[in-house]
Amino acid sequence: MEWNVLLSKYEGSRITVWIEDLSGEEQTQPKPFTLFKTALTDNHAYLQFYFNADQFLSVPLFDDPLTKLERGQAGDCFVSHDLQANLRYHIYFEERV
Numbered sequence: 001m002e003w004n005v006l007l008s009k010y011e012g013s014r015i016t017v018w019i020e021d022l023s024g025e026e027q028t029q030p031k032p033f034t035l036f037k038t039a040l041t042d043n044h045a046y047l048q049f050y051f052n053a054d055q056f057l058s059v060p061l062f063d064d065p066l067t068k069l070e071r072g073q074a075g076d077c078f079v080s081h082d083l084q085a086n087l088r089y090h091i092y093f094e095e096r097v
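So the sequence shown is numbered by full-length UniProt numbering: it starts at 1 and just counts up by one.
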């Protein structure tokens, strides 16, 4: 799936990023950002969520059901579950700004 094309409609939107540690370690807090752009790495193994022209978060991509876009009443959420690192990435999309 071309995640960068699918998620490009959210560019300019407010997002909330939460990286969930499934090992039971101390949890991070969700952080708000504005999505500048998305880009796939050359090998299509990661999706980069840019917060500005230089800063981004690389999220690993896997086949369904480990990487998916969940559509809910509260909004859409991109989720990718990295079994090897025991992390789950959540990118919550808010209304466009």
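From the three backbone atoms N, C-alpha and C, an ideal C-beta is built for every residue, glycine too.
Small disclaimer: the values here were computed from a predicted structure and weren't measured.
Where does the unbroken beta strand (DSSP E) through residue i begin, and where does it stop?
{"i": "L66", "result": "Here L66 belongs to no beta strand (DSSP E), and DSSP marks it neither H nor E."}
{"i": "L47", "result": "Y46 to Y50"}
{"i": "T16", "result": "S13 to D21"}
{"i": "L57", "result": "F56 to P60"}
{"i": "T38", "result": "K37 to L40"}
Using the C-alpha atoms, what's the distance from residue j back to residue i?
{"i": "E26", "j": "K9", "result": "33 Å"}
{"i": "V59", "j": "G12", "result": "19 Å"}
{"i": "N86", "j": "S23", "result": "6 Å"}
{"i": "E94", "j": "F56", "result": "18 Å"}
{"i": "V79", "j": "F51", "result": "18 Å"}
{"i": "H44", "j": "K31", "result": "25 Å"}
{"i": "A53", "j": "P65", "result": "30 Å"}
Tell me the residue span of the alpha helix (DSSP H) that contains residue i.
{"i": "L7", "result": "W3 to L7"}
Measuring alpha carbon to alpha carbon, tell me which residue in the options is nearest residue i.
{"i": "Y92", "options": "H44, K68 and D63", "result": "K68"}
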